[in-house]
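In the numbering used here, the protein residues as written are 1 to 304.
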């Protein structure tokens with residue numbers, strides 16, 4: 001395959017999980033390190049952020065991953081971006097899902113873990129007093145990539161599954177995403193660098209795989225190439241000075257969504273990198289967008 005350099009923010013190694021604990025802020029209560037699924041005998045973890053005032057009965061799934069690592073540092077990054085404060089201030093319960101890291105899982109496996117997280121949220125909707133049929137999903141960079149994948153490849157529940165989680169579907173109502181990779185076969189006109197993304201495609205890299213296998217694996221991790229049916233509404237926010245994920249990736253996703261008849265909007269942050277210092281301003285914009293997609297639509301549905 002042709003090569004173009006492709007990288008994400010440097011991250012620390014996967015941290016050891018601590019027992020679930022409770023934390024507080026002026027806007028939310030936080031439960032940390034809940035096990036939402038078990039894979040190969042290992043627990044997958046999430047945090048739950050519940051609003052202290054005026055909950056709206058709706059939830060956002062936040063896919064927490066940077067450079068395809070999913071340690072607690074990523075939770076701190078999203079906290080610094082004020083994502084949990086802002087979303088909870090709008091009344092949302094936020095489930096911060098950690099889908100695992102590329103040192104142990106492929107991109108396809110991490111996508112499956114995101115869907116297990118969505119199923120967990122629906123399974124426990126009564127416990128958290130949320131509507132399981134009106135969920136939003138968000139994420140940034142690698143997390144945005146996995147969130148977008150899950151949003152365009154939604155799955156039905158399996159009524160006869162032995163695993164109770166699998167009886168729930170993975171359907172999402174709206175997706176608001178920051179600077180995601182969306183097409184690994186067209187990275188500014190060339191395929192992404194397999195030396196960089198190899199571990200995402202296959203555990204141990206691509207050495208034992210043919211060019212056809214590599215291309216097919218990359219295609220299946222490219223949400224811009226997987227849009228089918230009428231997609232859910234999307235909002236993408238991307239900086240025009242992003243040195244790691246080119247703006248072209250969000251533009252391709254918007255084109256694919258619109259071509260399929262979906263509602264898709266791209267906000268370009270002038271001078272925005274990966275990320276940028278004023279990101280909380282765009283988080284507020286996204287929260288208001290979710291209000292239109294989830295809160296207003298939910299209220300209209302309840303009146304019928």
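A virtual CB, placed ideally from N, CA and C, is assigned to each residue, including glycine.
{"Check": "Does the pairing of the stretch 195 to 206 with the stretch 150 to 169 give three or more beta-carbon distances under 8 Å?", "Outcome": "no"}
{"Check": "Going by C-alpha to C-alpha distance, which of 289, 292, 285 sits closest to residue 81?", "Outcome": "285"}
{"Check": "Put residue 56 into one of helix, strand or coil per three-state DSSP.", "Outcome": "coil"}
{"Check": "Could you please give the first and the last residue of the uninterrupted beta strand (DSSP E) stretch that includes residue 120?", "Outcome": "It is not in any beta strand (DSSP E) - residue 120 instead sits in the alpha helix (DSSP H) that spans 107 to 123."}
{"Check": "Quick one: Cα of residue 226 to Cα of residue 31, how far?", "Outcome": "34 Å"}
{"Check": "Select from 266, 239, 261, 242 the residue whose C-alpha is nearest the C-alpha of residue 251.", "Outcome": "266"}
{"Check": "Spatial neighbours of residue 198 within its chain, please: C-beta separation below 6 Å, excluding the five flanking residues on both sides.", "Outcome": "205, 206"}
{"Check": "Flag this pair as touching only if the stretch 157 to 164 and the stretch 183 to 200 have three or more C-beta atom pairs under 8 Å; answer yes or no.", "Outcome": "no"}
{"Check": "Sort out for me which residues DSSP pairs residue 49 with in a bridge.", "Outcome": "30, 94"}
{"Check": "How is the beta strand (DSSP E) around residue 245 delimited, first residue to last?", "Outcome": "Segment: none, residue 245 is in no beta strand (DSSP E) and carries neither H nor E."}
{"Check": "Output needed for residue 143: all residues of its chain with C-beta closer than 6 Å, excluding positions within five of it in sequence on either side, in chain order.", "Outcome": "63, 64, 65"}
{"Check": "Kindly indicate which three-state DSSP category residue 145 falls into: helix, strand or coil?", "Outcome": "helix"}
{"Check": "How many angstroms separate the CA atom of residue 111 from the CA atom of residue 146?", "Outcome": "6 Å"}
{"Check": "Looking only at DSSP bridge pairs, what is residue 178 linked to?", "Outcome": "140, 237"}
{"Check": "State yes or no: is the C-beta of residue 96 within less than 8 Å of the C-beta of residue 130?", "Outcome": "no"}
{"Check": "Going by DSSP in three states, residue 35 sits in which element: helix, strand or coil?", "Outcome": "strand"}
{"Check": "Please state whether DSSP places residue 100 in a helix, a strand or coil.", "Outcome": "coil"}
{"Check": "Here's a check: name, in chain order, each residue in its chain whose Cβ is nearer than 7 Å to the Cβ of residue 6, leaving out the five neighbours to either side.", "Outcome": "Any reading at residue 6 needs caution, since the residue's pLDDT is 34, under 50, leaving its predicted position unreliable; the model's value is listed next. 187, 192, 193, 196, 197."}
{"Check": "Can you name, in chain order, every residue of its own chain whose Cβ lies under 7 Å from the Cβ of residue 279, other than the five neighbours on each side?", "Outcome": "81"}
{"Check": "Could you check whether residue 224 and residue 182 sit closer than 8 Å to each other, using their CB atoms as the reference points?", "Outcome": "yes"}
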